[in-house]
Amino acid sequence: MSSPETEELIALAEGRRRVLMVGHTFEYNPAVLKIKEFIDAGTLGDIYYLYSTRVNLGRVQQDLNALWSIAPHDISIMNFLLGTMPVEVSARGAKYLSGRVEDVVFADLAYPNGVIAHIHASWLDPSKVRKMTIVGSRKMIVYDDIDPEGKVRLYDKGADRINGSQIYGEFQYKLRTGDIYIPKIDLTEPLYLECAHFVECVKEGRRPRTDGVNGLRVVRVLEAAERSMAKNGAPEPVEPVSL
2 MSSPETEELI ALAEGRRRVL MVGHTFEYNP AVLKIKEFID AGTLGDIYYL
52 YSTRVNLGRV QQDLNALWSI APHDISIMNF LLGTMPVEVS ARGAKYLSGR
102 VEDVVFADLA YPNGVIAHIH ASWLDPSKVR KMTIVGSRKM IVYDDIDPEG
152 KVRLYDKGAD RINGSQIYGE FQYKLRTGDI YIPKIDLTEP LYLECAHFVE
202 CVKEGRRPRT DGVNGLRVVR VLEAAERSMA KNGAPEPVEP VSL
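Right, dumping it as structure tokens:
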């Protein structure tokens, strides 16, 4: 779905007073919600960068590339965690199998305030990986969606500048390796929580957390990444959403 089609759907829903909700299931995932709590509480400090890997062997698609098929999940999560959308995207992909669509995509996203993000999406990989790492100035998080024992791990790790340690004009840093905290995560199925939220919004006439505008933000990022791939990775601006 393109940006104009998404905007048309948003206007149609508003004009007919209908609830429009997109299926960004991970924004209802208790593990992702827990990470959002940590970030909003300042537990990680300033967010430096984050990166995700979403790969597997299959399911090979013929009419949709790995960018549009797989990466929307990670773009949605990153936008949700950071509370904003990227301003620029650079992406590269390769068509190894059918020669028609990209089987693997690497995308770099530039968010406001200097936050950078990276996405690796592919259905041509030996292992199934669903992992995201978020690095902050105080602490770091590793989110592994297929780890049954610890989907979210909070690492007390970092590099702290030593006061008064300037040598030859350069500051000295002390590496910090502390404890690993694994919070208890609600195991309720995210799809169930998403559907329950939709039903509540329909009954009460409320706007969903993942409304049409939320979906439009992700589509704008995908379109910028698609343009970048067509230009061999040249940076492309992401059109802002003003709705």
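Those letters in the sequence shown? Residues 2 to 244, by our numbering.
Ideal Cβ placement from N, Cα and C applies to all residues, glycine included.
Predicted, not measured: the structure shown is a model, and the values here were computed from it.
The beta carbons of V105 and L125 sit about 6 Å from each other, so the pair counts as a contact at 8 Å. Between A92 and L68, the gap from beta carbon to beta carbon is short of 9 Å. Within the same chain, and ignoring the five residues on either side of P31 in sequence, the residues whose Cβ sits closer than 8 Å to its Cβ are I186, D187, L188, T189, P191, L194. Leaving aside the five residues that flank V219 on each side, the residues in its chain whose CB is nearer than 6 Å to its CB run, in chain order, P73, I76, S77.
Linking N57 to E227 through their CA atoms gives a straight-line distance of about 21 Å.
In the DSSP annotation of this structure, A42 is not part of any alpha helix (DSSP H), being labelled neither H nor E. The continuous beta strand (DSSP E) containing E89 extends over residues 89-95. Scanning its chain for C-beta atoms nearer than 6 Å, with the 5 sequence neighbours on each side dropped, one finds around A122 the residues R55, A67, I71, A72, V106, in chain order. Per DSSP, P209 is not a residue of any beta strand (DSSP E), being assigned neither H nor E.
T85 is a Cβ neighbour of Y112, given a cutoff of 9 Å. Sequence-distant partners of I183 (beyond 5 residues in either direction) whose C-beta falls short of 6 Å from its own C-beta, in its chain, are G151, R154. Annotation: F107 is outside any alpha helix (DSSP H); the continuous beta strand (DSSP E) that includes it extends over 105-111.
For S53, the enclosing beta strand (DSSP E) has its first and last residue at 48-58.
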